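In terms of the UniProt record's numbering, the sequence shown has 19 at position 19, counting the first letter as 1, and numbering is strictly consecutive.
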Amino acid sequence: MQEPSQIVHRKVLPGGITVLFQKAPHTVSASAGVFVRVGSRHESSKNAGYCHFLEHMLFKDTAKRSAKQQAEDIERVGGFTNAATSREYTYFHVTVAGKHIGIGLELLAEMIYEPLLKQSDIDNEAGVILEELQGYEDSPEDYIHDFYYQNFFLKIL
């Protein structure tokens, strides 16, 4: 028999969103993540980088809060947010004290469903991403990873 903390519960919501959750009785924190099945491998050469760019943009102002207010609200309850884009998916997550998970979920929902996507933020974020890419290109580990992906993995798909 599995320990209760090892059981993953699965529920499909009416809109088709799959929710997975797992109780961790020995912790006081709670984490929530949203995984979107779109990553860099779903992009063409014409729209390369869109997923990563959108990931960044969702941390900007929403219809309800400025980016600064989002950061202050989550930090006020000892939490943090983060996101990443991979080849297969883009994800957004929040970790807070368990009693504040409602605030974390509210913030995630606002980021995903109510971003303002202001032109000034778009213009500024382009420079940030270009700097990230420069750092990526200077990394031997990332170079090797990309080399193997392009020359071996893609050939077996």
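Note that beta-carbon positions come from the ideal geometry of N, C-alpha and C, so glycine has one too. In this text the structure is predicted, and so the values were computed from the model without any measurement.
Within a 10 Å sphere around the beta-carbon of GLY102 sit fewer than 16 other beta-carbons, which makes this residue exposed.
The bridge partners DSSP lists for PHE80 are THR95.
Each of LEU130, GLU88, ALA109 was checked against the Cα of VAL94, and the nearest Cα belongs to ALA109.
Here the C-alpha atom of HIS26 lies approximately 11 Å from the C-alpha atom of GLY98. Look at PRO14 here: in three-state DSSP terms it is coil, with no helix or strand label.
In the structure shown, GLY39 falls within a coil segment according to DSSP collapsed to helix, strand and coil. Under a 10 Å Cβ-count criterion, ILE7 is classified as exposed, with fewer than 16 other Cβ atoms of the shown protein chains found around its own Cβ. Only buried fits VAL34, as 16 or more other CB atoms lie within 10 angstroms of its CB. Across the structure, ALA32 and ASN82 are spaced so that their CA atoms are roughly 11 Å apart. Here the alpha carbons of ILE129 and GLY39 stand approximately 16 Å from one another. The residue from PHE92, GLU88, ASP146, PHE152 with its alpha-carbon nearest to that of LEU107 is PHE92. By the 16-neighbour rule on beta-carbons within 10 angstroms, LYS64 is exposed.
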